[in-house]
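Counting in our numbering, the sequence shown runs from 33 upward without gaps.
Ideal placement from N, C-alpha and C gives every residue a C-beta, glycine not left out.
Since this is a predicted model, take the numbers as computed values, not measurements.
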Amino acid sequence: MRLIPLLLILSACTVAGPGFRGIDPVPRSLGGNDFLIRQKGTVAEVIRTDRKMLPRFVPIATRAGLVVQELTGCSADWIVGDVSMLLVGVRCDGAPVPKKPRRPKSYSCDVLDAYRGAGGIDLALDCTQT
33 MRLIPLLLIL SACTVAGPGF RGIDPVPRSL GGNDFLIRQK GTVAEVIRTD
83 RKMLPRFVPI ATRAGLVVQE LTGCSADWIV GDVSMLLVGV RCDGAPVPKK
133 PRRPKSYSCD VLDAYRGAGG IDLALDCTQT
């Protein structure tokens with residue numbers, strides 16, 4: 033019984049991201065890395081499915097861009113994301129470079145002080161938007 037929730041969680045690892053649902057993935061491999069690629073318009077979503085531990089971003093992004101170029105026949109103009117899931121902007125037949133997706137707001141915080149009270153620990157933070 034405990035195995036069923038685990039299988040459900042693991043099966044979600046290659047689920048399409050927002051905007052790519054309903055698009056069948058195309059499997060590709062290059063340089064020992066396995067990818068699932070979904071393309072919608074001028075953006076391709078690339079999900080790395082191999083089990084290599086601690087991969088570096090630049091080699092993974094390079095291979096992802098190459099497999100997208102091979103699949104689409106278009107040039108990869110930008111790549112954003114991380115080693116698990118990348119978005120690749122593709123340009124075909126002299127079309128303009130596609131816009132990069134907007135990144136969600138993120139914050140970087142420094143802990144200034146910590147207070148232990150009856151309700152637990154409170155932190156004093158100094159945060160900036162990055």
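Should residue i go down as buried or exposed, given a rule of 16 or more other Cβ atoms within 10 Å for buried?
i: residue 150; result: exposed
i: residue 102; result: exposed
i: residue 90; result: exposed
i: residue 47; result: exposed
What residue from the options has the CA that sits closest to residue i's CA?
i: residue 133; options: 106, 157, 70 and 111; result: 111
i: residue 159; options: 142, 84 and 96; result: 142
i: residue 83; options: 61, 73, 94 and 74; result: 61
i: residue 57; options: 81, 63 and 64; result: 81
i: residue 51; options: 154, 67, 78 and 63; result: 78
i: residue 13; options: 153, 157 and 152; result: The displayed coordinates of the chain run from 33 to 162. Any statement about residue 13 would go beyond what the structure contains.
From the DSSP output, which residues share a beta bridge with residue i?
i: residue 91; result: Paired residue(s): none; residue 91 is not in a bridge.
i: residue 78; result: 69 and 118
Would you say residue i and residue j are within 8 Å of each other, going by their C-beta atoms?
i: residue 105; j: residue 120; result: no
i: residue 63; j: residue 95; result: yes
i: residue 72; j: residue 92; result: no
May I ask you to check if the CB of residue i is nearer than 7 Å to at least one heavy atom of the ligand NAP?
i: residue 160; result: Absent from the structure shown: the ligand NAP. Ligands present: none.
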